[in-house]
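Residue numbers (our numbering), protein chains in the order written: chain A, 1167 to 1499; chain B, 1167 to 1499. Cβ atoms here follow ideal geometry from the backbone N, Cα and C, with glycine treated the same way. In this text the structure is predicted, and so the values were computed from the model without any measurement.
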DNA sequence: CTGAAAGCGCTTACAG
DNA sequence: CTGAAAGCGCTTACAG
């Protein structure tokens, strides 16, 4: 930068101002600085910048799983909001590994990032305490726990479950099953509860059976569907709510290819998450869409707001609504 | 850090050594420093570290599309290799946007990262020249162009196309179609060429028709399959090679659900990429798998090697092999 | 609006 | 093995 100053015939501080507060520098000076920068191919050293300024202009996003399209949408939304505010967004993938999550929090902490967005695992949040105790700002995304000391953005999972069940009921289905998902996953529990509420509203005209499962993947879906189908046709449900699209896809496969049932004529199936492959299968999947992009945007804005309000910041919890996406697996073609 | 030095009763330089070259410091001193760090909750300032040391210990990976599982695998492999070498890996998603790609290259350049991995768009690489001219090391991942001045890692796409066609031929299919994919996409061209070679080896016993398409997505697959099927049953191919899994999934949907054909009995279909949803559909998809994880690992190693060989580095191009994954859409159950 | 100077928190020879 | 000191390249009051 001192080379640039020399070439432009101004002082170091003026170059810095031309770069960071252009409105404060005269047009002529700014142009000369700009010309010198281009001639010399100068690249500002962000490490020095961060050191002198006390923090960097990048925002760190720690994701649980980059393979999951919800998190990818969150990243896209966060990136958009960050860019609009003149910040860069860097991602770190904790890959469902608590140690990695901790490690990346520390890395962003050491890098003195402007703030951290964390989509955390359903586990301890000690890293959050550690990082916050150093004064680093952090916003939780898609974390359902109670943290009065952080801003957070999450989705109303209960309402998502309600929407899914209500959709099947509105289509005339009367014997529903909420099929699969581990007992202890908070999000799945909430969805289950929402489904129960929708059924309860029908005052006995609709039944809901709960099947607890182990995981949320496709083989598990096949297994569960196999169990249901082998009860015999007369005991079959006419509507299935699955708490993930993988689960739903596996079920549809088993029901149609192995047991010769028709989806949705014999059984309507609705998934959850609106994953990419929900539209790629032979029977496009009805599902509950999560507002991932919006979550990322809003979380970033909360983070930047918190940074701006140097004093007396009040932490907020924003709850966004999921939405029903009806496709062939419930409504037919 | 000076607080730590004071608390431990040693000098600043010794604290730094205890952190960075622990083997050079006596056990007693190291323990005292460690204790002071924990007592004070000290977090090393990485900006200061990078500034003083001349470069940081993070590696930047610029990805074309985090929604694509190939790139996610690359990221996982790169992360593993980086972590093993004591580096952190930070991701940036260019989201198939050339401007973003350029911008993230500059951001990593400004951050003085230890090196950059770039999975570039099929576009100009001017950003690469710019960044390299500043002395920053960069390794290209999954870029098929010619760059004698960079290390790069790529996959033998021609061989992938060959494997796909050869697989269908070995299953007894004789009237093949390579269906879809734009004419000008380098990777698709290579796959097409590979398929031609496999057919040429059969000396006329197998035919191969080429259908050029617009995109690689699922609706396009439906459209193409519709065209093929409406020719009438006797003119139908008995094997289809699709240059993407989305395309293949769309085709299978159209062939089975709309035209009542059986896959693979009437037509065998093979896709490309081994995307996540390849196993989630009603008919699990045969496909060509890309060694994404390995690509990420190898690319990171090349990058670190280049950084280690301060002088006389020779750029290398590593070509990895794809592999055939046979599932129900070609071999049946 | 511009310049001179202090300081951000580390690393790294260098001397001991 | 340890300490004192210079320097990395910026930003930011402060004077002018």
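- Taking a Cβ-Cβ cut-off of 7 Å, the neighbours of residue 1209 of chain A in chain B comprise 1275, 1276, 1300, given in sequence order.
- A:1429 is the residue among A:1456, A:1429, A:1467 whose C-alpha sits nearest the C-alpha of residue 1449 of chain A.
- Taking 7 Å as the cut-off, the Cβ atoms of residue 1305 of chain B and residue 1469 of chain B count as close.
- Positions of the alpha helix (DSSP H) runs, each at least 4 residues long and wholly inside the region 1346 to 1388 of chain B, are given as 1352 to 1366 in order along the chain.
- When CB distances to chain A are screened at a threshold of 9 Å, not a single residue of the region 1367 to 1380 of chain B falls below it.
- Look at the region 1221 to 1273 of chain B and you find these whole runs of alpha helix (DSSP H), each 4 residues long or longer: 1235 to 1250.
- For the region 1240 to 1258 of chain A, the set of residues with a beta-carbon nearer than 9 Å to any beta-carbon of chain B comprises 1241, 1242, 1245, 1249, 1254, 1255, 1256, 1257, 1258, in chain order.
- Nearest to residue 1485 of chain B by alpha-carbon distance, out of B:1250, B:1176, B:1323, B:1258, is B:1323.
- Going by DSSP, residue 1186 of chain B is part of the alpha helix (DSSP H) stretching over 1178 to 1186.
- Shortest Cα-Cα distance from residue 1464 of chain B to any of B:1216, B:1400, B:1313, B:1308 involves B:1308.
- Non-local C-beta neighbours of residue 1247 of chain A in its own chain, meaning closer than 6 Å and more than five positions away in sequence, comprise 1463, 1466, 1467, ordered along the chain.
- Looking at B:1387, B:1333, B:1379, B:1343, the one whose alpha-carbon comes closest to that of residue 1497 of chain B is B:1333.
- When secondary structure is reduced to three states using DSSP, residue 1169 of chain A falls in the helix class.
- Fewer than three beta-carbon pairs drawn from the region 1392 to 1403 of chain B and the region 1358 to 1367 of chain B are found closer than 8 Å, and the two stretches are therefore not classed as touching.
- For residue 1423 of chain B, the C-beta contacts it makes with chain A under 8 Å involve 1448, 1449, in order along the chain.
- Straight-line spacing of the CA atoms in residue 1404 of chain A and residue 1344 of chain A works out to 11 Å.
- Think of a sphere of 7 Å around the beta carbon of residue 1190 of chain B: no beta carbon from chain A falls inside it, the nearest being about 22 Å out.
- Residue 1483 of chain A: member of the beta strand (DSSP E) spanning 1483 to 1486, first to last residue.
- The C-beta of residue 1459 of chain B comes no closer than 7 Å to any C-beta of chain A.
- At a C-beta separation below 9 Å, residue 1291 of chain A has no neighbours in chain B, since its nearest C-beta there lies roughly 17 Å away.
- Taken through DSSP and simplified to helix, strand or coil, residue 1331 of chain A comes out as helix.
- For residue 1462 of chain B, the nearest beta carbon of chain A is not closer than 7 Å to its own beta carbon.
- Rounded to the nearest angstrom, the gap between the Cα atoms of residue 1342 of chain A and residue 1236 of chain A is 27 Å.
- Contact check for residue 1379 of chain A against residue 1347 of chain A passes: the beta carbons are separated by less than 7 Å.
- Take the alpha-carbon of residue 1420 of chain B and the one of residue 1330 of chain B: they are about 21 Å apart.
- Close partners of residue 1344 of chain A in chain B (Cβ separation under 8 Å) are lacking, with about 20 Å as the shortest Cβ gap.
- Residues 1324 of the same chain have their beta carbon placed closer than 6 Å to that of residue 1359 of chain A, with the five preceding and five following residues left out of the count.
- Closest option to residue 1351 of chain A, judged by alpha-carbon separation, among A:1339, A:1409, A:1302, A:1363: A:1409.
- Per DSSP, the continuous beta strand (DSSP E) segment holding residue 1306 of chain B begins and ends at 1304 to 1307.
- Under DSSP, residue 1434 of chain B forms a beta bridge with B:1405.
- Along the length of the region 1410 to 1464 of chain A, whole beta strand (DSSP E) runs at least 3 residues long occupy 1434 to 1436, 1453 to 1455, reported in chain order.
- For residue 1443 of chain A, the closest Cβ of chain B is nearer than 7 Å.
- For residue 1319 of chain A, there is no enclosing alpha helix (DSSP H); the enclosing beta strand (DSSP E) has its first and last residue at 1317 to 1321.
- Contact check for residue 1381 of chain B and residue 1451 of chain B: beta-carbon distance about 18 Å, past the 8 Å limit, so the pair fails to qualify.
- In this chain, residue 1293 of chain A is not harboured by any beta strand (DSSP E); it is covered by the alpha helix (DSSP H) spanning 1292 to 1299.
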